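Those protein sequence lines, which keep their order, are chains A and B. Here our numbering = 1-based position in the first sequence + 4. Here our numbering = 1-based position in the second sequence + 398. Idealized CB from N, CA, C, for every residue including glycine. Treat the numbers as computed from the prediction; the structure is a model and nothing was measured. Comments concern the structure below.
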Amino acid sequence: GESVGLHLPTLSVQEGDNSIINCAYSNSASDYFIWYKQESGKGPQFIIDIRSNMDKRQGQRVTVLLNKTVKHLSLQIAATQPGDSAVYFCADLNQAGTALIFGKGTTLSVSS
Amino acid sequence: NAGVMQNPRHLVRRRGQEARLRCSPMKGHSHVYWYRQLPEEGLKFMVYLQKENIIDESGMPKERFSAEFPKEGPSILRIQQVVRGDSAAYFCASSPQGVSTDTQYFGPGTRLTVL
């Protein structure tokens with residue numbers, strides 16, 4: 005069925021470390037994936053997206069990797085900063101292509 | 399360029415009352431989506447609208463919930479006869495075209511509390 009989930013509910017890192025947040029999806033037909041960041045009391049903020057014709061996409065301090073063989077998606081954050089502390093969601097499209105399906109989220113905590 | 403606007407940010411209703419949540423999409427965006435988020439959970443899709451049309455309402459409860467996006471003015475999510483289980487954060491997102499081709503940008507949400 006359609007579902008997007010994350011491997012770990014929480015991740016704690018030290019400032020300056022690299023963070024890796026993982027996500028598994030079940031719909032092999034999914035062709036568009038997005039990572040959002042949600043700070044407490046705020047709406048989701050777009051970070052980066054990737055389409056299924058790519059394996060990797062880089063942004064500013066963030067990289068998304070897509071492994072279609074094992075249906076796995078990851079978000080890498082370089083030199084993690086306290087301001088990166090938030091809940092991170094991966095999402096993909098529903099089968100109709102009309103809406104996003106979100107996983108439950110990983111809470112990233114960055115300590116100084 | 400203002401982002402997606404939602405109001406009110408916080409709404410308190412007693413059981414049986416009506417709740418009206420408003421969403422103004424980003425300028426130039428004609429596609430609006432509503433999502434609901436329960437505590438400690440991800441967002442769940444409710445409804446997708448384009449100006450004056452409901453495109454997909456597969457995530458909307460069959461009763462008490464309705465949504466509209468008129469030609470002029472904001473999109474409205476209406477919940478009639480609210481119950482405690484309706485307490486949640488409701489987020490609106492917008493995109494220039496459909497989500498399959500364009501990124502969705504989210505508003506700050508309306509936090510509904512039903513007493």
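Query	Result
Where do the ends of the beta strand (DSSP E) carrying residue 50(A) lie?	49-55
Any heavy atom of the ligand ZN closer than 8 angstroms to the CB of residue 497(B)?	Summarising the ligand content, the structure contains no ligands, and the ligand ZN is consequently not present.
So residue 430(B) and residue 464(B) are in contact, right, with Cβ under 8 angstroms, and what is the actual spacing, rounded?	That belief does not hold up - the Cβ atoms of residue 430(B) and residue 464(B) are roughly 14 angstroms apart, past 8 angstroms.
Assign residue 509(B) to one of three DSSP states: helix, strand, or coil.	strand
Give, in chain order, every residue of the stretch 449-479 of chain B whose Cβ lies closer than 9 angstroms to some Cβ of chain A.	453, 454, 456, 457
Does the beta-carbon of residue 479(B) have 16 or more other beta-carbons within 10 angstroms, so that it is buried, or is it exposed?	exposed
If contact means a Cβ-Cβ distance below 9 angstroms, which residues of the stretch 95-112 of chain A contact chain B?	95, 97, 98, 100, 101, 102, 103, 104, 105, 106, 107, 108, 109
Using the C-alpha atoms, what's the distance from residue 96(A) back to residue 6(A)?	Model confidence at residue 6(A) stands at a pLDDT of 47, short of 50, so the residue's coordinates are unreliable; what they give is reported in the following sentence. Their Cα atoms are separated by approximately 9 angstroms.
Mind listing the chain A neighbours of residue 502(B)? Cutoff is C-beta to C-beta under 7 angstroms, in chain order.	104
Counting only runs of 3+ residues fully inside the stretch 399-484 of chain B, write out the beta strand (DSSP E) ranges in chain order.	403-405, 408-411, 417-422, 429-435, 441-448, 451-454, 463-466, 473-477
Can you name the residues of chain A whose CB is closer than 7 angstroms to the CB of residue 506(B)?	46, 47
Below 8 angstroms on the Cβ atoms is my contact criterion, and I expect residue 67(A) with residue 80(A) to pass it. Report the Cβ-Cβ distance as a whole number of Å.	4 angstroms
Of the choices 466(B), 468(B), 487(B), 426(B), whose alpha-carbon is the least far from that of residue 494(B)?	426(B)
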